[in-house]
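**Q** Numbering (the numbering used here), first residue to last: 6 to 88.
All C-beta atoms in this analysis are idealised placements derived from N, C-alpha and C, irrespective of residue type, glycine included.
Here it is, the structure, as structure tokens.
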């Protein structure tokens, strides 16, 4: 991929964030039904929610940085920079 030449660290950050989110989803999908019963403790729920938020935040941050790099270096004629 051409992006790996121009911004390898951003691309790596994005790939790692996608992989972490994917792993989190795979790990918790199989027990999804348990989220809605009383078998989870508050501590367990808070940990799961914290992990979910961390992977979401990392993915959004990586996507934002990659978008900023692309729009700064390869702007489209007439495009606005609104997010």
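Among residues of its own chain, excluding the 5 on either side of residue 25, which ones have a beta-carbon nearer than 7 Å to its beta-carbon?
**A** Within the chain shown, residue 25 is the residue found at index 20, counting from 1. Excluding sequence neighbours, residue 25 sits near 60, 63.
**Q** Does DSSP put residue 79 in a helix, in a strand, or in coil?
**A** On the chain shown, residue 79 is found 74 positions in, with the first residue counted as 1. Three-state result, residue 79: coil.
**Q** How is the alpha helix (DSSP H) around residue 29 delimited, first residue to last?
**A** Position 24 of the chain shown, counting from 1, holds the residue named residue 29. Counting along the chain, the alpha helix (DSSP H) containing residue 29 begins and ends at 13–34.
**Q** Cα-Cα, which of 33, 14, 18 is closest to residue 52?
**A** The residue given as residue 52 occupies position 47 in the chain shown. Of the listed residues, the one whose Cα sits closest to residue 52 is 33.
**Q** Can you have a look at residue 37 and say buried or exposed, based on whether 16 or more other CB atoms are within 10 angstroms of its CB?
**A** Position 32 of the chain shown, counted from the start, is the residue given in the question as residue 37. Exposed, because fewer than 16 other Cβ atoms sit within 10 Å of the Cβ of residue 37.
**Q** Which residues in the same chain have their Cβ closer than 7 Å to the Cβ of residue 15, if we skip the five residues on either side of it in sequence?
**A** Against the chain shown, residue 15 aligns to sequence position 10. So the list reads 70, 71, 74, once near-sequence residues are dropped.
**Q** In whole angstroms, give me the CA-to-CA distance for residue 29 and residue 44.
**A** The residue labelled residue 29 in the question sits at position 24 within the chain shown. The residue labelled residue 44 in the question sits at position 39 within the chain shown. Those two C-alpha atoms are separated by around 20 Å.
**Q** Could you give the DSSP three-state label for residue 47: helix, strand or coil?
**A** The sequence position of residue 47 within the chain shown is 42, counting from 1. Residue 47 falls in the helix class under three-state DSSP.
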